[in-house]
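With the sequence shown counted from 1, adding 114 to any position gets you our numbering.
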Amino acid sequence: MADEAAYLEPLASVTAIERKTTGWIFGRPSAGTPAAQMELARRLDAEQSLRHAARAYDALVRRWPHAPEAAPAQQRLAELQDARGKLQKAFAEFRYLLHFYPGQAAPKEILDRLLAIANHYKDEGRENVALQMFLQIAELAPQWSKTPQALLQAGLLQAADRKWDEAVATFERISANHPGSPEAEAAAGEAAHALYRIARRFERDEAVQNRALASLSATLRDYPKHTGREKLQEELDDLTARRYNAHYEAARFYDSPRFKPETAVTAYEEFLRRFPAAPQAEEVRQRLDELDETGRE
115 MADEAAYLEP LASVTAIERK TTGWIFGRPS AGTPAAQMEL ARRLDAEQSL
165 RHAARAYDAL VRRWPHAPEA APAQQRLAEL QDARGKLQKA FAEFRYLLHF
215 YPGQAAPKEI LDRLLAIANH YKDEGRENVA LQMFLQIAEL APQWSKTPQA
265 LLQAGLLQAA DRKWDEAVAT FERISANHPG SPEAEAAAGE AAHALYRIAR
315 RFERDEAVQN RALASLSATL RDYPKHTGRE KLQEELDDLT ARRYNAHYEA
365 ARFYDSPRFK PETAVTAYEE FLRRFPAAPQ AEEVRQRLDE LDETGRE
């Protein structure tokens, strides 16, 4: 699908955006028609009374959301908040514009501005604000060409906050929805790193171990020139060694006078069946020969 045709196809899980309504006191227009209210707002705008102009545009959208003047009023409201340095409000108003008036705005320019605002808060160290903005951009325009950038930044912020499960889900969205994008390779590596950390935390969970090992192996296979290949290989080797050692120790547990030799033989044979190339395999084979000789005596 061409980029221009795929900007605004919100996901079903998009964060709810409620339509504006007119309050009993606040948000009520001063004029009796949308055209008159737009004229008032534009006059205040021209007079550089930006705060009052913003209120007038907002009142128009609230009172007459389906009028022809509503979309341009909403866009100018967002632009005024942006010009006034009210960046969180500007972000919300631009997002409202694209959500409710998608066919009456230029999505590329607005999405670029939303991404710039999100990056601004990230650079300022306001990670929680930036994270929500990156995710909202991705939900609002899941097929936009720069959505992988937004998702990658969101995942990195989640990982920096040690929210490994959330980070993995975000990185995997890039791999699933934007394969072949420049961000897909980085996302695969970051997902593998996060899964490695989860695996180290839950070392007895076989499913967690398998998932991490599969992710590390797949990333190394699919991206042979990955810039983080050395680190990925180290983590794969570490998890593999830990897995071999854990299963070896589990088998060796039964090799004691407390259990019948047959129990140890069964445990060792299962180890060899699952891990024939493990570093402990030769030692296990030798021990099986010893147990076999003992059994014949």
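Each residue gets a CB set at the ideal place from its N, CA and C atoms; glycine is no exception.
Predicted, not measured: the structure shown is a model, and the values here were computed from it.
Next item on the list: Indicate whether I231 and L201 have their beta-carbon atoms separated by less than 8 angstroms.
Entry: At the C-beta level, I231 and L201 come within 8 angstroms of one another.
Note to self: Can you give me the C-alpha to C-alpha distance between R399 and Y358, rounded to a whole angstrom?
What the structure shows: Taking C-alpha positions only, R399 is separated from Y358 by approximately 15 angstroms.
Check: Taking the Cβ atom as the reference point for each residue, do A252 and L265 lie within a distance shorter than 8 angstroms?
Finding: yes
Margin query: Counting beta carbon pairs with one atom in the segment 322 to 335 and one in the segment 290 to 297, are three or more of them shorter than 8 angstroms?
Written below: Short answer: they don't touch.
Next item on the list: Determine the DSSP secondary structure at A116, reduced to helix, strand or coil.
Entry: Residue placement at A116 cannot be trusted, given a pLDDT of 41 that sits under 50; what the coordinates show is reported in the next sentence. Of the three classes helix, strand and coil, the one that applies to A116 here is coil, per DSSP.
Margin query: With distance defined between alpha-carbon atoms, name the residue in E317, R142, R176 nearest to K134.
Written below: R176
Margin query: Just to confirm the assignment, what range does the alpha helix (DSSP H) spanning P262 have?
Written below: 261 to 274
Next item on the list: Pick helix, strand or coil for F248, following the three-state DSSP scheme.
Entry: Residue state, collapsed to three classes: helix.
Margin query: Here's a check: name, in chain order, each residue in its chain whose Cβ is nearer than 7 angstroms to the Cβ of P143, leaving out the five neighbours to either side.
Written below: Q151, A173, L174, R177
Next item on the list: Compare the beta carbon distance of F208 and L229 with 8 angstroms and say whether it is the shorter of the two.
Entry: no
Notebook entry, point to check: K200 by DSSP, collapsed to three states: which one?
Noted result: coil
Check: With a Cβ-Cβ cutoff of 8 angstroms, do R325 and L309 count as a contact?
Finding: yes
Checklist line | Rounded separation between E241 and H307 - CA only | finding: 21 angstroms
Note to self: Judging by CA-CA distance, which residue of P182, A268, R190, A181 is the nearest neighbour of A170?
What the structure shows: R190
Note to self: I'd like to know whether the C-beta atoms of Y382 and A355 end up nearer to each other than 8 angstroms.
What the structure shows: no
Margin query: Excluding the 5 residues flanking A168 on each side, which residues of the same chain have their C-beta closer than 6 angstroms to its C-beta?
Written below: Excluding residues up to 5 positions away in sequence, L191, L194 lie with their Cβ nearer than 6 angstroms to the Cβ of A168 in the same chain.
Notebook entry, point to check: Between A119 and the rest of its own chain, which residues show a CB-CB distance below 8 angstroms, the 5 nearest in sequence each way excluded?
Noted result: Below a pLDDT of 50, predicted positions are generally treated as unreliable, and A119, at 41, falls in that range; no measurement from the model is reported.
Note to self: Tell me the residue span of the alpha helix (DSSP H) that contains H166.
What the structure shows: 164 to 177
Notebook entry, point to check: If you check the beta carbons only, do A185 and A219 fall under 8 angstroms apart?
Noted result: yes
Notebook entry, point to check: Which whole-angstrom value describes the C-beta separation of Y362 and F385, a residue pair presumed to lie in contact below a C-beta threshold of 8 angstroms?
Noted result: 6 angstroms
Check: Looking only at its own chain, which residues have a Cβ that is under 6 angstroms from the Cβ of T377, when we skip the five neighbours before and after it?
Finding: Y368
Next item on the list: Output the distance between the C-alpha atoms of L158 and E183, rounded to the nearest integer angstrom.
Entry: Between the alpha carbons of L158 and E183 lies a gap of roughly 16 angstroms.
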